[in-house]
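Engineer:
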Amino acid sequence: MSLGQFLLNVLILGVPFSVALLLAGLGETINQRAGVFNLGCEGIMAMGAFVAFLPPYFMAGTPLEGYANLIGVALAIAAGALLGVLFALVVVTFRAPQGIAGIGLQMLGWGAAGTLFRRYVGGVTGVQGIRAMPIPGLSNLPVIGPVLFNHNPLVYLAFLMVPAFWYLLFKTPWGLKVRSVGTYPRAADSLGIRVSRVRYQALALGGAMAGLAGAYLSLAQAKMFADDLIAGRGFIAVALVYFGRWNPVGVMGGALLFSLAQALQLSIQVAGIDFPYEFAVMLPYVLVIVVLSLVRKARMIGPSELGKPFDREQRI
Amino acid sequence: MGHEPIRSLELRGITKRFPGILACDRIDLSVGEHSVRALVGENGAGKTTLMNILMGLYQPDEGRILINGSEVRFRSPNDAFDHGIGMVHQHFMLVQNLTVAENVALGMKSAHRPLWLDLKSVRSRIIEVSERHELPVNPDALVWQLSVGEQQRVELVKTLCLGARFLILDEPTSALTPQETDELIALLQKMSRELSIVFISHKLHEVKALSDTVSILRRGRIVFEGRTEDHSPADLAALMTGHEVELPRVESGGSAPAADGRGLLSIRELRVSGDLGNLALDGVSLDVAPGEIVGLAGVSGNGQRELAEALNGLRPVVSGSIALNGAELAGRSASAAIGQGMGYIPEDRNTEGIVPSFSVRENLVLKDVGGGAWSRGGFLRLGRIAANAAELRDRFDIRCPSTDTAAGSLSGGNIQKVILARELARGPKALVAVYPTRGLDMGAEEFIHKQLLARRSEGVAILLISEELEEIMNLSDRIAVIYKGRILRIVPGRDATKRSLGLLMAGVVDE
């Protein structure tokens, strides 16, 4: 295999790998811009992956089979939003420490999804999942075609969401409110903006995105469900938000960098190149740590009140 | 909008309780059209709480608000905006990483279109307001890049853009330089022809300059109301604190440093980098003799913070020397400075001066807790620590429910007394006091000034860094003026005038 072919394979593999990270990362960007970091992202993704898997699994062979994937995706989004609201109840209304609450949510989502799966489904079973939808014309282009335009619809959707989220965050009134409650909630409050409400909305949206990311993993990427399907992607997504400077475009860059590193290590293994595969598996994670430590402090860019609950009547 | 303009505004029987504190106790207040009402009182008297109730930020436990004679209820600041009431808070309510226009847009609901933010209309409104009131602001500047004075202007413009005809200003001058303060007062005088203003302050010369009528709050109650012109600042100060206040003055012989020219604290050619890698101090030399107070005047941001931090081992030194009683401190650690007898009252008392979540008694021993006095064999000597706190509490008049209370829950003045008690009880050879009375009321200011003068007569070398010219002129034997990281000139305290210092602070050296 030529080097060119090898690199092309890495790209073709890497782009769809990045989607789960990208979707969850965009949602987490909104959370953090509003001043809440949701470490429970991993758990929401597990729940999303699980509920999305159910309709295709149980509806196989019924007349509704054609809609099963769509129903699954919708369920995952709804479950994610619900868990986001639950998290908001804990950290916004009851002002619980966000780190601990997030770890709790992660374990809740992960444990509940796994337990319910064993109870109602059992062993490893595949589903048909979401099929590739090559874009007519564009997918035949050399290099660009197979890399960008020969994927399932969720891949296109995820990348279209990058400019959409950028616009939402920087060009709409809601985005302005989100940025203000994450940086200086007292100022937002003094202008009549309901800090708690905006944080609830942001967490619901962030949860919905994490749910969708989970659905992508079970329906489009793995086409099955297992306990360890998420495999830390939720935590990587949280890290990518820092890496991407709380900007959707930066988060996309981080997601691509990470997933290309992962695709590279897979390709190295598949190609049988003589390189200790344990190191290759480590590569993407090491990359995240190195990059995060090198990224400069985000003074005056990011949400400076990240992680702090807001209490109007608390005296400064 | 949609409400008729405010001709009269009345607060009746407003009461607000916080856990353990009665912040407002049946307060009555009424303000008419086109008038300036000063609301005066010490810290914690309830001024800000009262205004936050008027803005709908806090809900009163009892009492009513009447506008033009009919009762209104404000559940959120939006309700207050609708009636044309706006407030400039003491701590600026500006989101640092947004632009000026975005900050204004946050409150301007007319710019909130369903799918986009109409920044264009916000910008033109800002320009309209800023031209009308001669308040130049750049709508596209990021707030964190603006100076404190500029941010103050942005706050005013923002409040006016939101349609305020009735303006509440909460200690608007507390962060401004003398020049900026004068400009603001002149501006407000002009604006009061069109607007009604409630002006919260405890700087009485500003109250005299600006207001028509004055109300004095003490411990949550109105204790006095009257026309400003009928009362002298001294009268008002006495009413405010409940006793006669006379800020002490140094009786300076203009004592110069010891004969060899080197003081107890001796700084030579000090160069220090700032946070942005610039040279914040560029060759500073200064001597402070034992029993001398040297005032360092200057607009903040000219190297004062870097100097204080370098003196206390908190910032690396590029070159030069710092000697305390002959021991070299430049480039050594904070514990070396502490060990040599350096005392420090830092600029930001809440984050650098105390650990807010620690109790008062713990904060009082923080600097020596490793030593034998407060610990033995790895255990704290809790009895001694408590006894020490009880003694210092009496000596320094620290008002706290108990010495077990978290220091961060005290008022600014009492936090400052905790710091002062800790630093002075250690018997320092030299003391660096940075803005020691910033934001404090007159009672606390008087106490701190007296303490500084008492240490002076005991032979402590004191470097007093301040922007308050009056404070510097009252207390200093000699006054050094710092500008852009250099000492422009050192003058004897008794020769200094506000005008000459003001010019030097602006960098003007007339030979």
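As you go down the protein sequences, you meet chains A and B in turn. Start counting the first sequence at 141; every next residue gets the next number (my numbering). Start counting the second sequence at 434; every next residue gets the next number (my numbering). Ideal Cβ positions, reconstructed from N, Cα and C, are used throughout, including at glycine.
Would you please verify whether the beta carbon of A:P313 is less than 7 Å from any beta carbon of chain B?
Structural biologist: Position 173 of the first sequence, counting from 1, holds the residue named residue 313 of chain A. Judged by the 7 Å Cβ criterion, A:P313 is in contact with chain B.
Engineer: Taking the alpha carbon of B:E891 as the reference point, which residue from B:K862, B:S718 and B:S835 has its own alpha carbon closest?
Structural biologist: Within the second sequence, numbered from 1, the residue matching residue 891 of chain B stands at position 458. B:E891 has its Cα closest to that of B:K862, out of B:K862, B:S718 and B:S835.
Engineer: Should B:S557 be labelled buried (16 or more other beta-carbon atoms within 10 Å of its own) or exposed?
Structural biologist: The sequence position of residue 557 of chain B within the second sequence is 124, counting from 1. So B:S557 ends up on the exposed side.
Engineer: Along the chain, where does the beta strand (DSSP E) that runs through B:D458 open and close?
Structural biologist: Residue mapping note: residue 458 of chain B aligns to position 25 of the second sequence, counting from 1. That run of the beta strand (DSSP E) goes I454 to G465.
Engineer: Name the residue from A:E445, A:R173, A:A208 and A:G254 whose alpha carbon lies nearest to the alpha carbon of A:M185.
Structural biologist: Within the first sequence, residue 185 of chain A is the residue found at index 45, counting from 1. Looking at the Cα atoms, A:G254 is the closest of the given residues.
Engineer: If we ignore side chains and look at the alpha-carbon of each, how far apart do A:I243 and A:L369 end up?
Structural biologist: Counting from 1 along the first sequence, the entry for residue 243 of chain A is found at position 103. Counting from 1 along the first sequence, the entry for residue 369 of chain A is found at position 229. Answer to the nearest angstrom: the Cα atoms are 18 Å apart.
Engineer: Would you say B:N711 faces chain A, with C-beta separation under 7 Å as the test?
Structural biologist: In the second sequence, counting from the first residue as 1, residue 711 of chain B sits at position 278. Taking Cβ atoms only, chain A never reaches closer than 7 Å to B:N711, which makes this a no.
Engineer: For B:H882, which three-state DSSP category applies?
Structural biologist: The residue given as residue 882 of chain B occupies position 449 in the second sequence. Three-state result, B:H882: helix.
Engineer: At the level of alpha carbons, what is the spacing between B:V631 and B:A538?
Structural biologist: By one-based count along the second sequence, residue 631 of chain B stands at place 198. By one-based count along the second sequence, residue 538 of chain B stands at place 105. Roughly 25 Å separates the two Cα atoms.
Engineer: Could you name the residues of chain A that B:G540 contacts, counting a contact when the two beta carbons are closer than 7 Å?
Structural biologist: By 1-based counting over the second sequence, the position of residue 540 of chain B is 107. Correct list: L331 and G332.
Engineer: Would A:T323 pass as an interface residue toward chain B - the criterion being a Cβ-Cβ separation below 7 Å?
Structural biologist: Position 183 of the first sequence, counted from the start, is the residue given in the question as residue 323 of chain A. Chain B contact via Cβ: present.
Engineer: At a Cβ cut of 9 Å, what residues of the region 515-533 of chain B count as close to chain A, listed as they run along the chain?
Structural biologist: Taking 9 Å as the Cβ-Cβ cut-off against chain A, the residues of the region 515-533 of chain B that qualify are M520, H522, H524, F525, M526, L527, V528, Q529, N530 and L531.
Engineer: For B:D715 versus B:S699, is the C-beta distance shorter than 7 Å?
Structural biologist: Taking the second sequence and counting its residues from 1, one reaches residue 715 of chain B at position 282. Taking the second sequence and counting its residues from 1, one reaches residue 699 of chain B at position 266. No.
Engineer: For B:D801, which of helix, strand or coil comes out of DSSP?
Structural biologist: As a first step, residue 801 of chain B is located in the second sequence; it is residue number 368 there, counting from the start. In the structure shown, B:D801 sits in a helix (DSSP, three-state: H, G or I).
Engineer: Report, in whole angstroms, the separation of the C-beta atoms of B:L921 and B:V914, which I expect to be a contact under 8 Å.
Structural biologist: Position 488 of the second sequence, counting from 1, holds the residue named residue 921 of chain B. Position 481 of the second sequence, counting from 1, holds the residue named residue 914 of chain B. Rounded, the Cβ-Cβ distance is 5 Å, consistent with contact.
Engineer: Enumerated in chain order, which unbroken segments of the alpha helix (DSSP H) with a length of 4 residues or greater are wholly contained in the region 213-279 of chain A?
Structural biologist: Listed in chain order, the complete alpha helix (DSSP H) runs (minimum 4 residues) inside the region 213-279 of chain A are 238-260.
Engineer: Hey, is B:P510's beta-carbon within less than 7 Å of any beta-carbon in chain A?
Structural biologist: To locate residue 510 of chain B, count along the second sequence from 1; it is residue 77. By this cut-off, B:P510 is an interface position.
Engineer: Smallest Cα separation from B:T448: which of B:L550, B:L483 and B:E904?
Structural biologist: For the purposes of this step, residue 448 of chain B is taken as residue 15 along the second sequence, with counting starting at 1. Here the closest residue by C-alpha is B:L483.
Engineer: Considering only the alpha carbon of each residue, which of A:L380, A:Q361 and A:D329 lies closest to B:P510?
Structural biologist: Translated into the one-based positions of the second sequence, residue 510 of chain B becomes position 77. If we check each option's Cα against that of B:P510, A:D329 comes out closest.
Engineer: Alpha carbon to alpha carbon, how far is B:A929 from B:S441?
Structural biologist: For the purposes of this step, residue 929 of chain B is taken as the residue at position 496 of the second sequence. For the purposes of this step, residue 441 of chain B is taken as the residue at position 8 of the second sequence. If I take the Cα positions, the gap works out to 46 Å.
Engineer: Closer than 9 Å by beta-carbon distance: list the chain B residues that pair up with A:R320, in chain order.
Structural biologist: Locating residue 320 of chain A in the first sequence gives position 180, counting from the first residue. What sits at residue 320 of chain A in the sequence shown is Ser, not Arg. Chain B residues near A:S320: V528, L531, E535, N536 and L539.
Engineer: Go to B:M541, then tell me how far its alpha helix (DSSP H) extends in each direction, as first and last residue.
Structural biologist: One-based indexing of the second sequence puts residue 541 of chain B at position 108. No alpha helix (DSSP H) holds B:M541; DSSP gives it neither H nor E.
Engineer: Among A:G183, A:G201 and A:G212, which residue has its Cα nearest to the Cα of A:F193?
Structural biologist: As a position in the first sequence, residue 193 of chain A is number 53, starting the count at 1. Of the candidates A:G183, A:G201 and A:G212, the one whose C-alpha sits nearest the C-alpha of A:F193 is A:G212.
Engineer: Measuring straight from C-alpha to C-alpha, what distance separates B:L487 and B:G659?
Structural biologist: Working through the second sequence from its first residue, we reach residue 487 of chain B at position 54. Working through the second sequence from its first residue, we reach residue 659 of chain B at position 226. Going by the C-alpha atoms only, they are around 21 Å apart.
Engineer: Comparing the C-beta of A:A342 with each C-beta of chain B, is any distance below 7 Å?
Structural biologist: In the first sequence, residue 342 of chain A corresponds to position 202, counting from 1. Closer than 7 Å: no.
Engineer: If contacts are defined as beta-carbon pairs under 8 Å, then A:W386 and A:P443 qualify, I think. What distance do you get, rounded to the angstrom?
Structural biologist: Here residue 386 of chain A refers to the residue found at position 246 when the first sequence is read from its first residue. Here residue 443 of chain A refers to the residue found at position 303 when the first sequence is read from its first residue. Sure, about 7 Å apart at Cβ, within 8 Å.
Engineer: Between which residues of its own chain and B:P569 is the CB-CB distance below 8 Å, once the five residues before and five after are set aside?
Structural biologist: Position 136 of the second sequence, counting from 1, holds the residue named residue 569 of chain B. Cβ within range, chain order: S563 and R586.
Engineer: Taking 7 Å as the threshold (C-beta atoms), are A:P286 and A:I376 in contact?
Structural biologist: Looking up residue 376 of chain A in the first sequence gives position 236. Looking up residue 286 of chain A in the first sequence gives position 146. Contact: no.
Engineer: Less than 7 Å between C-beta atoms, sequence neighbours within five positions excluded: which residues of the same chain meet that for A:A420?
Structural biologist: Within the first sequence, numbered from 1, the residue matching residue 420 of chain A stands at position 280. Result list for A:A420: Q405, I408 and Q409, in chain order.
Engineer: Can you pull the chain B neighbours of A:A328, defined as C-beta to C-beta under 7 Å?
Structural biologist: Here residue 328 of chain A is taken as the residue at index 188 of the first sequence, counted from 1. Under the 7 Å cutoff, chain B gives L539.
Engineer: Determine which residues of the region 473-506 of chain B have a Cβ less than 7 Å from any Cβ of chain A, and write them out in chain order.
Structural biologist: Per Cβ criterion, the list reads L490 and Y491.
Engineer: For the region 348-359 of chain A and the region 155-163 of chain A, state whether three or more C-beta atom pairs, one from each stretch, are separated by less than 8 Å.
Structural biologist: Counting Cβ pairs under 8 Å, three or more are found: they touch.
Engineer: For B:P452, count neighbouring C-beta atoms within 10 Å of its own C-beta (all shown protein chains included) and say buried if the count is 16 or more, exposed if not.
Structural biologist: For the purposes of this step, residue 452 of chain B is identified with residue 19 of the second sequence, where counting begins at 1. Exposed is the call here.
Engineer: Find out if the Cβ-Cβ distance for the pair A:V318, A:F450 is shorter than 7 Å.
Structural biologist: The count along the first sequence starts at 1 and reaches residue 318 of chain A at position 178. The count along the first sequence starts at 1 and reaches residue 450 of chain A at position 310. Not in contact: A:V318 and A:F450 (Cβ atoms no closer than 7 Å).
Engineer: Among residues of its own chain, excluding the 5 on either side of B:V555, which ones have a beta-carbon nearer than 7 Å to its beta-carbon?
Structural biologist: As a first step, residue 555 of chain B is located in the second sequence; it is residue number 122 there, counting from the start. Within the same chain, B:V555 has close Cβ partners A534, V537, A538, M541 and A544.
Engineer: Just to confirm, is the Cβ distance from B:E604 to B:I633 under 7 Å?
Structural biologist: Stepping through the second sequence from its first residue, residue 604 of chain B is reached at position 171. Stepping through the second sequence from its first residue, residue 633 of chain B is reached at position 200. Yes; because the gap between Cβ atoms is below 7 Å, this pair is in contact.
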